[in-house]
Structures are given as structure tokens and as C-alpha cells.
Amino acid sequence: MQQDIKEQIFDKYFVNCEKAQLICNDLKIKRSEFSEIAKQIDNERQDELKEMRRIRQLYNNKQGENFEFTNFNEFYKWYITQFEKQKACCYYCKTEESVLTKLFEKKYTSVKRPNRGKHLEVERRDSDSNKYNKDNCVLACYFCNNDKSDIFSEDQYFEYLKDRKQFFDKQFQSLK
Numbered sequence: 004m005q006q007d008i009k010e011q012i013f014d015k016y017f018v019n020c021e022k023a024q025l026i027c028n029d030l031k032i033k034r035s036e037f038s039e040i041a042k043q044i045d046n047e048r049q050d051e052l053k054e055m056r057r058i059r060q061l062y063n064n065k066q067g068e069n070f071e072f073t074n075f076n077e078f079y080k081w082y083i084t085q086f087e088k089q090k091a092c093c094y095y096c097k098t099e100e101s102v103l104t105k106l107f108e109k110k111y112t113s114v115k116r117p118n119r120g121k122h123l124e125v126e127r128r129d130s131d132s133n134k135y136n137k138d139n140c141v142l143a144c145y146f147c148n149n150d151k152s153d154i155f156s157e158d159q160y161f162e163y164l165k166d167r168k169q170f171f172d173k174q175f176q177s178l179k
């Protein structure tokens with residue numbers, strides 16, 4: 004029972020940003036109980052919450068006319084599923100996010116936009132449709148996302164790309 008309430012609070016408070024008092028009313032719990040459970044979640048899931056804040060920033064930055072995810076919860080679940088489906092690698096060059104993170108921390112330190120590069124970014128597979136939705140989006144590294152831009156189709160970009168992963172692997176090996 005307690006675990007079920009904890010998951011509901013996680014979804015309602017941390018994912019959907021519902022107000023604490025409304026959650027207490029909905030779950031029929033006291034505010035003190037809510038605060039205690041929220042504190043437990045904050046302690047137990049620190050890394051996940053940090054990642055969620057980063058993904059929420061992506062969500063907020065992408066919102067606009069062609070953004071078709073209905074809310075953060077839908078986007079968050081898509082992102083996590085896509086990340087797992089792609090095995091934490093760039094959709095195009097297959098470079099692992101952990102390799103990119105290390106490269107940006109140790110080698111590519113003079114980047115003018117410090118919030119980019121360390122993590123996979125949301126990329127539209129078909130830029131002609133210009134839609135950000137679960138069918139048209141993948142996760143791509145900073146380089147592929149910028150390189151593909153709105154110029155190449157997905158197929159054209161794969162043809163162009165051929166040896167990028169090998170380049171990053173060599174760069175990564177030079178750090179050791």
C-alpha cells in the first residue's frame with residue numbers, strides 16, 4: 004500500500020507537477036505524510052530526479068507550434084523508452100552517451116553552449132514534416148543533431164555518416 008502511494012506521489016508531484024494539497028486530497032493522506040513520502044522519494048531517487056529535471060528542460064525548450072507531445076508525462080515516458088530502445092546511443096552514429104559525456108567533460112571543454120553535448124538530444128527524423136512527436140523523433144548526439152540539421156533526410160544522413168563512430172571511439176581512447 005505504502006509503495007503504491009509512493010509511486011502515485013512520484014507521478015503526480017514529481018512528473019506532473021500537481022500541487023501537494025490536491026494530491027493529499029486525492030490520496031486521502033495528511034500533508035505531513037505527503038511531506039515524509041516526498042522526502043523519501045527525493046532521497047531514494049536523486050539521480051532519476053536530476054535526469055527528469057534535465058528532460059523537463061528539453062521539453063520546455065522544444066514546445067511550440069510543431070510540438071505534438073500533449074504533456075511532460077508523455078514526453079518523459081517517450082524519452083526514457085527511446086533512450087532504452089537506442090541502448091543509450093546516438094540513433095545515427097551509435098556513439099554511447101557515456102562516451103560523449105566524458106569527451107565533453109575532458110576534451111571538448113571550450114564549447115560555447117555548455118548545456119549541450121553531454122547528453123543525447125531530441126532530433127526529428129523527417130525535418131520536412133517539422134513535427135516533434137513520438138513517431139518522428141529519435142535521440143541523437145550533439146554532432147549528428149547539428150550536422151543532419153534540416154538538410155538531409157534520414158536515409159541520406161546514414162549514407163553520409165558511415166565512419167563517425169570510429170572517430171569518436173579514437174578520441175575516447177586517447178583520454179585513457
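Note that the numbering used here has the sequence shown beginning at 4, numbered continuously upward.
Glycine included, each C-beta is placed from N, C-alpha and C at the ideal position.
Checklist entry - Using 8 Å as the Cβ pair cut-off and three pairs as the minimum, do the region 149-158 and the region 123-138 touch? => result Cβ pair count under 8 Å is three or more, so yes.
Checklist entry - Can you tell me the Cα-Cα spacing of GLU10 and ILE58, whole angstroms? => result Residue 10 sits at position 7 when you count from the first residue of the sequence shown. Residue 58 sits at position 55 when you count from the first residue of the sequence shown. Their backbone Cα atoms lie some 19 Å apart in a straight line.
Checklist entry - Could one say the Cβ of GLN159 lies closer than 8 Å to chain D's Cβ atoms, at least one of them? => result Included in the structure is just one protein chain, with no chain D present.
Next on the checklist: With H, G and I counted as helix, E and B as strand and the rest as coil, what does DSSP make of ALA143?
Outcome noted: One-based indexing of the sequence shown puts residue 143 at position 140. DSSP, reduced to helix, strand and coil, places ALA143 within a strand of the structure shown.
Checklist entry - Start and end of the beta strand (DSSP E) containing ARG119? => result Taking the sequence shown and counting its residues from 1, one reaches residue 119 at position 116. Taken as a continuous stretch (DSSP letters only), ARG119 belongs to no beta strand (DSSP E), as it is neither H nor E.
Checklist entry - Can you tell me whether ASN148 is buried or exposed, with buried defined as 16 or more other CB within 10 angstroms of its CB? => result Here residue 148 refers to the residue found at position 145 when the sequence shown is read from its first residue. A residue is called buried when at least 16 other Cβ atoms come within 10 angstroms of its Cβ; ASN148 meets this threshold and is buried.
Next on the checklist: Taking the straight line between their C-alpha atoms, what separation do you get for ALA23 and PHE161?
Outcome noted: By 1-based counting over the sequence shown, the position of residue 23 is 20. By 1-based counting over the sequence shown, the position of residue 161 is 158. Approximately 47 Å, taken between the alpha carbons.
Next on the checklist: Since LEU178 and PHE86 should fall inside the 8 Å C-beta cutoff, what is the C-beta to C-beta distance between them, to a whole number of angstroms?
Outcome noted: The count along the sequence shown starts at 1 and reaches residue 178 at position 175. The count along the sequence shown starts at 1 and reaches residue 86 at position 83. Rounded, the Cβ-Cβ distance is 24 Å, inconsistent with contact.
Checklist entry - What's the gap between the Cα of PHE37 and the Cα of VAL18? => result As a first step, residue 37 must be located in the sequence shown, where it is residue number 34. As a first step, residue 18 must be located in the sequence shown, where it is residue number 15. Taking the straight line joining both Cα atoms gives about 15 Å.
Next on the checklist: I need the boundaries of the alpha helix (DSSP H) containing ILE83, first residue and last residue.
Outcome noted: The count along the sequence shown starts at 1 and reaches residue 83 at position 80. In the DSSP assignment, ILE83 falls within the unbroken alpha helix (DSSP H) covering 75-88.
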